[in-house]
Amino acid sequence: MLRRPIVILSAGALAVGLLIAPGAAADSEGVAPEASPAAVVRADDPSVTFLVGLPRDRSALDKAATERSTPGNLLYRDHPSLVNAGKAYGASSKSVTRLRAAAQKLGIDVSVDKGRILARLTAPVSVWNKAYGLKMRSTTPTPTFPYRTFSMLDGTAYAKAPASLRTVTAEWVPTYAEYVASADVPGISGATFDEFEELLASTGSPNPWPRNLGAVPAGTCDAPAVKAKAVYVPVQIQAAYGTAALAAKGVRGQDARLTVISLGGGYAAQDLADAAECFGYTAPRINVVRGTGVPQPFVNASSETHLDLITASAALPRASSITLLEVVEGLTGFTDAFARMLDGPSVPDVASLSYGVCEAEYDVQYGDYLTLNEDLLRLAAIVGTSVIVAAGDYGSSMCGAQIAEESGEPTVWYPASSAWVTAVGGTRLALKPDNTRRTERVWNDLPYVSGITPPGPAGSGGPSILVDRPWWQAGVTPVGPRTVPDVALLGAIRPGWPIVYGGEVFTVGGTSGGAPFLAANLAAMSAAQRGRGFPTIGFANAWLYSAAAAKTSPFFDVVAGSNAVQVVGCCSAYPGYDMASGLGVPVMDRLYATLPRPAG
Numbered sequence: 003m004l005r006r007p008i009v010i011l012s013a014g015a016l017a018v019g020l021l022i023a024p025g026a027a028a029d030s031e032g033v034a035p036e037a038s039p040a041a042v043v044r045a046d047d048p049s050v051t052f053l054v055g056l057p058r059d060r061s062a063l064d065k066a067a068t069e070r071s072t073p074g075n076l077l078y079r080d081h082p083s084l085v086n087a088g089k090a091y092g093a094s095s096k097s098v099t100r101l102r103a104a105a106q107k108l109g110i111d112v113s114v115d116k117g118r119i120l121a122r123l124t125a126p127v128s129v130w131n132k133a134y135g136l137k138m139r140s141t142t143p144t145p146t147f148p149y150r151t152f153s154m155l156d157g158t159a160y161a162k163a164p165a166s167l168r169t170v171t172a173e174w175v176p177t178y179a180e181y182v183a184s185a186d187v188p189g190i191s192g193a194t195f196d197e198f199e200e201l202l203a204s205t206g207s208p209n210p211w212p213r214n215l216g217a218v219p220a221g222t223c224d225a226p227a228v229k230a231k232a233v234y235v236p237v238q239i240q241a242a243y244g245t246a247a248l249a250a251k252g253v254r255g256q257d258a259r260l261t262v263i264s265l266g267g268g269y270a271a272q273d274l275a276d277a278a279e280c281f282g283y284t285a286p287r288i289n290v291v292r293g294t295g296v297p298q299p300f301v302n303a304s305s306e307t308h309l310d311l312i313t314a315s316a317a318l319p320r321a322s323s324i325t326l327l328e329v330v331e332g333l334t335g336f337t338d339a340f341a342r343m344l345d346g347p348s349v350p351d352v353a354s355l356s357y358g359v360c361e362a363e364y365d366v367q368y369g370d371y372l373t374l375n376e377d378l379l380r381l382a383a384i385v386g387t388s389v390i391v392a393a394g395d396y397g398s399s400m401c402g403a404q405i406a407e408e409s410g411e412p413t414v415w416y417p418a419s420s421a422w423v424t425a426v427g428g429t430r431l432a433l434k435p436d437n438t439r440r441t442e443r444v445w446n447d448l449p450y451v452s453g454i455t456p457p458g459p460a461g462s463g464g465p466s467i468l469v470d471r472p473w474w475q476a477g478v479t480p481v482g483p484r485t486v487p488d489v490a491l492l493g494a495i496r497p498g499w500p501i502v503y504g505g506e507v508f509t510v511g512g513t514s515g516g517a518p519f520l521a522a523n524l525a526a527m528s529a530a531q532r533g534r535g536f537p538t539i540g541f542a543n544a545w546l547y548s549a550a551a552a553k554t555s556p557f558f559d560v561v562a563g564s565n566a567v568q569v570v571g572c573c574s575a576y577p578g579y580d581m582a583s584g585l586g587v588p589v590m591d592r593l594y595a596t597l598p599r600p601a602g
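Residues 3 to 602 in the numbering used here are what the sequence shown spells out, letter by letter.
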């Protein structure tokens, strides 16, 4: 029997606790989606690309990433070019040559990334069938999953690499998904729009929704959500979190290089333009880069992508452009994204990701994904890219109510739990009339919504079952696993993050508001450093944890609230680091002032 589909969830765009994703309630990809049984590929013989890990010295890669990310180390923030990093820590030229020769004999084309950790092997289905001695399976696209998928299965499990390629590859991912635009639902989702309208009409249950008590600046459009004080506008959030103070010091995003990763979500350009006009900022150009299996840009307009791009754009008023990296939904999308985000003309200062999957999905079948991802993220740290990931919106039960009931243990999602990303949790922010912070506590909207399935809405947090405690968490957690989140920012649904969707302003909640916001601020800081002749920040966590431990911390310590939902009791906030709010809320101007200089 084939495995059940993997559900890839976006962390943001929550309307009354319901997850909104492009064209459906959730994004999903499996070996063979249940709605479309696998069948042997027919005679059209399309080309299929598999992602392959190259042989490499993983210990050297880990050592180099650690050295360049640790303040005080002689190599701290000493970031080589991607090409030089690939030569030093990726596959050797001999290994690449051996792979090309072996693949050529089979009729398979090989494309090797500059970082020399991942290669893409492409051939017609008939060639793959001959190489494996098996028949490839495929599925047909549907409006809820507009991809044609291909899988090489040996019985019910993924097939190993063809025998002649096993000695020249390290990891093998024999699945491929190709986006079919004609099967997708173009433009704005009517269901999503209706959910947002219902949220604005909702009074909150069992308690009434809190209101925005801060001052909405003159010149903001008079949209119903703004007039009803149901949403925070960008200027208010930026004032509360120190972004405005950072801009006053000249850190406004000039030359910032930010990549937003989207798994399956497109956008409506007019909505982005309307948001800029409503909230009074200049919208940067959106450069769309497409991943493997995405022959044309996504035609849907995803509320998640709108949230990511509008949040980042408003926080980078001087940025000329933002890169939107569009990759396929599913586990291969993460791996493809972590490689492609580095492989352009220049590596990004920061990459932002608002998607994840329950850690339990990374079992023996999917171990190659995990190994590849972690080494690609190590490579990002080496070349100077910070990766910011939303921690998730289902509180302490990211794997759902059934698993929570069975285990009684908290669950988190990956890649937020990676040792090489900064995971962003959620808070509820209350403002004074001058837009300074009145209170801030852990985000948990259960008092304002009822009947939520899956668990939530609340900021995710808890221990990982995949990743051991990293060196930079040694001072805040006992020996054991990596814990999330690392930091926290606004996640509440109402008043929450502002977006424009279908020409209307709405409030949305989710940790994927905080992720692109932090990413934009770090991108502005890195750009300012580059402008002064210094290298970019790179992997930020060792700096963040050391800054939080200083006598004067640049974090607001969240000490109230819990992200417990329904079954699982974890996790509550208390003084210092906790698994509900991490280190707390970064105050951007104060944080930037603590950035250690490179040793050289």
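Note that the Cβ used here is the ideal one computed from N, Cα and C, for glycine as well.
Fair warning: this is a prediction, and the values are worked out from it, not measured in the lab.
{"Item": "Cut-off 6 Å between Cβ atoms - residues of its own chain near V237, not counting five sequence neighbours on either side", "Value": "P219"}
{"Item": "Three-state secondary structure assigned by DSSP to F541", "Value": "coil"}
{"Item": "Cα-Cα separation between P412 and N446, rounded to whole angstroms", "Value": "15 Å"}
{"Item": "Minimum C-alpha distance to L381 - residue among P350, S97, V391", "Value": "P350"}
{"Item": "Contact check, D395 vs A460, beta carbons under 9 Å", "Value": "yes"}
{"Item": "Contact belief for G584 with D488 at Cβ below 8 Å, rounded distance in angstroms", "Value": "5 Å"}
{"Item": "Boundaries of the alpha helix (DSSP H) in which C401 is found, first to last residue", "Value": "Segment: none, C401 is in no alpha helix (DSSP H) and carries neither H nor E."}
{"Item": "Length of the line joining the Cα atoms of T283 and A217", "Value": "The sequence shown places Tyr at residue 283, not Thr. Rounded to the nearest angstrom, the two C-alpha atoms are 18 Å apart."}
{"Item": "Inter-residue spacing [alpha-carbon to alpha-carbon] between A28 and A232", "Value": "Only weak support is given to the placement of A28: the predicted model assigns it a pLDDT of 32, under 50, and the value that follows is read from those uncertain coordinates. Going from the Cα of A28 to the Cα of A232 covers about 25 Å."}
{"Item": "Whole-angstrom distance between P299 and P82, CA atom to CA atom", "Value": "32 Å"}
{"Item": "Where S140 falls, given that 16 or more other Cβ within 10 Å makes a residue buried", "Value": "buried"}
{"Item": "Contacts around Y91, its chain only, beta-carbon distance under 6 Å, and the 5 residues preceding and following it disregarded", "Value": "A62, L63, A66"}
{"Item": "Integer-rounded CB distance, given that S462 should sit under 8 Å from T513", "Value": "7 Å"}
{"Item": "Buried or exposed (CB count within 10 angstroms, at least 16 for buried), K229", "Value": "exposed"}
{"Item": "Segment limits, alpha helix (DSSP H) that includes Y78", "Value": "Taken as a continuous stretch (DSSP letters only), Y78 belongs to no alpha helix (DSSP H), as it is neither H nor E."}
{"Item": "N-terminal and C-terminal residue of the beta strand (DSSP E) that P126 is part of", "Value": "120–126"}
{"Item": "Uninterrupted alpha helix (DSSP H) stretches inside the region 207–278 (no shorter than 4 residues)", "Value": "226–229, 236–242, 245–250"}
{"Item": "DSSP three-state assignment for E572, whether helix, strand or coil", "Value": "The sequence given here has Cys at residue 572, not Glu. Here C572 sits in coil by DSSP."}
{"Item": "C-beta contact flag for L379 and S420 at 9 Å", "Value": "yes"}
{"Item": "Residues bridged to T142 [DSSP beta-bridge criterion]", "Value": "T142 pairs with nothing; no bridge assigned."}
{"Item": "The ligand FAD heavy atom lying under 8 Å from the CB of Y503", "Value": "You won't find the ligand FAD in this model; it holds no ligand whatsoever."}
{"Item": "Limits of the beta strand (DSSP E) - the one that D470 falls within", "Value": "464–470"}
{"Item": "Secondary structure of A460, DSSP reduced to three states", "Value": "strand"}
{"Item": "Rounded distance between the beta-carbons of G505 and L309, thought under 8 Å", "Value": "Their Cβ separation, rounded to whole angstroms, is 16 Å, which puts L309 and G505 out of contact at 8 Å."}
{"Item": "Within the region 486–546, ranges of the beta strand (DSSP E) (whole runs, at least 3 residues)", "Value": "489–492, 499–503, 506–510"}
{"Item": "Rounded separation between T373 and P57 - CA only", "Value": "12 Å"}
{"Item": "Which of helix, strand or coil DSSP assigns to I405", "Value": "helix"}
{"Item": "Start-end ranges of the beta strand (DSSP E) lying completely within the region 349–378, minimum 3 residues", "Value": "352–355, 357–360"}
{"Item": "Residue(s) in a DSSP beta bridge with I324", "Value": "I288"}
{"Item": "Contact between the region 496–511 and the region 202–215 (3+ Cβ pairs under 8 Å)", "Value": "yes"}
{"Item": "Neighbourhood of V502 by C-beta distance below 8 Å, restricted to the same chain and skipping five residues each side", "Value": "D273, L274, D276, A277, C280, H308, I312, F508"}
{"Item": "Within 9 Å, strictly: CB atoms of G74 and P588", "Value": "no"}
{"Item": "Range covered by the beta strand (DSSP E) that runs through T424", "Value": "424–433"}
{"Item": "Inter-residue CB distance, V54 and E173 (contact presumed, cutoff 8 Å)", "Value": "7 Å"}
{"Item": "Sub-9 Å separation of T177 and V262 beta-carbons", "Value": "no"}
{"Item": "C-beta neighbour in chain C for T429, strict 9 Å", "Value": "Considering every chain present, this structure includes no chain C. It has just one protein chain."}
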